[in-house]
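Peer 1: The following block contains the structure, expressed as structure tokens.
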Amino acid sequence: MVVAHTPGSWRLIYFDAPNRGEQVRILFYLASTPFVDVRVDPYPQGLDPYKKAAMGNASPLLGTDLCPAVTAPDGTHCVETAEIMRFVGQRVGMAPPAESEADARAMKLTLLAQALLNQVFYALLKPMVVRAIFERGLGERLGCVASLLNGRQATFLEKPRSKLARALPELEGALEASGGPYLCGAALTYADAAVFHVLNEVLAFKCFDKEELLKPYPLLCAFVSELERKTAGWIEKRVREHQMGIPSTIDFFAATNTPFPWSRVAKK
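If you count by the UniProt record's numbering, then the sequence shown holds residues 1 to 268, one letter each, in order.
Structure representation (structure tokens):
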């Protein structure tokens, strides 16, 4: 069923998961801006009623048939994640002046966040979930069975780890150049929401040591800690209402997708 846009309100369309569209939710939260959080389900069929085949030119997906997608209070639609972040940021007071040098920097960092999502988060999502499924279903000692499906960790981890290792000093440099405490200076912007979201997810993966990775980057470490504090209310709400109280995204996916019936949890 399509959730129609209500004039005067923001609407976000995304799957019922804390993946790519979660940064938009975080942006709305940081901006203290109410929005209609349309969580389409099941994946991926839940998006079908919003696609062009179903809605024609009225589709809020603007011909992409992809989400996230947002609709502004005036009815304007926007797609493509980085563009959404800028589009929303400019309208909720979390963006540098349009066409400014700071605006270009914010978009560059937001695009870096999308690259980290693609090349680190999504690249490791399946191996991490498979590992968690076997550890949950068979116990830590038999969790090594996951390696038969994933392959050697050193092999599938090499490229994502390298991408993350290159990004961290770049983010530290951005904070130093801006004067901090945020990526574009003293005020929060959409870039902060985008970067924090992906770091918050990937640094929680068991294959990474968050403390060791951030140790050489004091400004970035402080940035992550500050955004953790600022988003704590949203994360708590998300875990309580949408993740059945399971804090870890990986553990949540493992619990709801495991083939082992004795460890499967059905989302209500």
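In this text, a Cβ means the ideal position worked out from N, Cα and C, and glycines have one as well.
According to the neighbour-count rule (16 or more other Cβ atoms, all chains shown, within 10 Å of its Cβ), is residue 43 buried or exposed?
Peer 2: That one is exposed.
Peer 1: For residue 10, I'd like the list of residues in its chain whose CB is within less than 8 angstroms of its CB, leaving aside the five on either flank, ordered along the chain.
Peer 2: Result list for residue 10: 28, 33, 34, 35, 36, 70, 71, 72, 73, 88, in chain order.
Peer 1: Going by the beta-carbon positions, is the gap between residue 114 and residue 81 smaller than 8 angstroms?
Peer 2: Yes, the Cβ-Cβ distance between residue 114 and residue 81 is below 8 angstroms.
Peer 1: Entirely within the region 23 to 106 and at least 3 residues each: give me those beta strand (DSSP E) ranges in chain order.
Peer 2: Qualifying beta strand (DSSP E) stretches, in chain order: 36 to 40, 69 to 71, 77 to 79.
Peer 1: Does the distance from the C-beta atom of residue 58 to that of residue 133 stay below 8 angstroms?
Peer 2: Contact: no.
Peer 1: Based on Cα-Cα distance, which residue from 213, 23, 181, 258 lies nearest to residue 117?
Peer 2: Of the candidates 213, 23, 181, 258, the one whose C-alpha sits nearest the C-alpha of residue 117 is 23.
Peer 1: Smallest Cα separation from residue 105: which of 183, 3, 248?
Peer 2: If we check each option's Cα against that of residue 105, 183 comes out closest.
Peer 1: Could you compute how far the alpha carbon of residue 245 sits from the alpha carbon of residue 232?
Peer 2: Roughly 14 angstroms between the two C-alpha positions.
Peer 1: Count the other CB atoms within 10 Å of the CB of residue 211; is the residue buried (16 or more) or exposed (fewer)?
Peer 2: It is exposed - the Cβ of residue 211 has fewer than 16 other Cβ atoms within 10 Å.
Peer 1: Tell me the rounded alpha-carbon separation between residue 6 and residue 75.
Peer 2: So the alpha carbons of these two residues sit roughly 8 angstroms apart.
Peer 1: Please classify residue 135 as buried or exposed, where buried requires at least 16 neighbouring CB atoms within 10 angstroms.
Peer 2: Label assigned to residue 135: buried.
Peer 1: Measure the C-alpha to C-alpha separation of residue 62 and residue 215 and round it to an integer number of angstroms.
Peer 2: Going from the Cα of residue 62 to the Cα of residue 215 covers about 43 angstroms.
Peer 1: State buried or exposed for residue 86, treating a residue as buried only when at least 16 other CB atoms are found within 10 Å of its CB.
Peer 2: Buried: at least 16 other Cβ atoms inside 10 Å.
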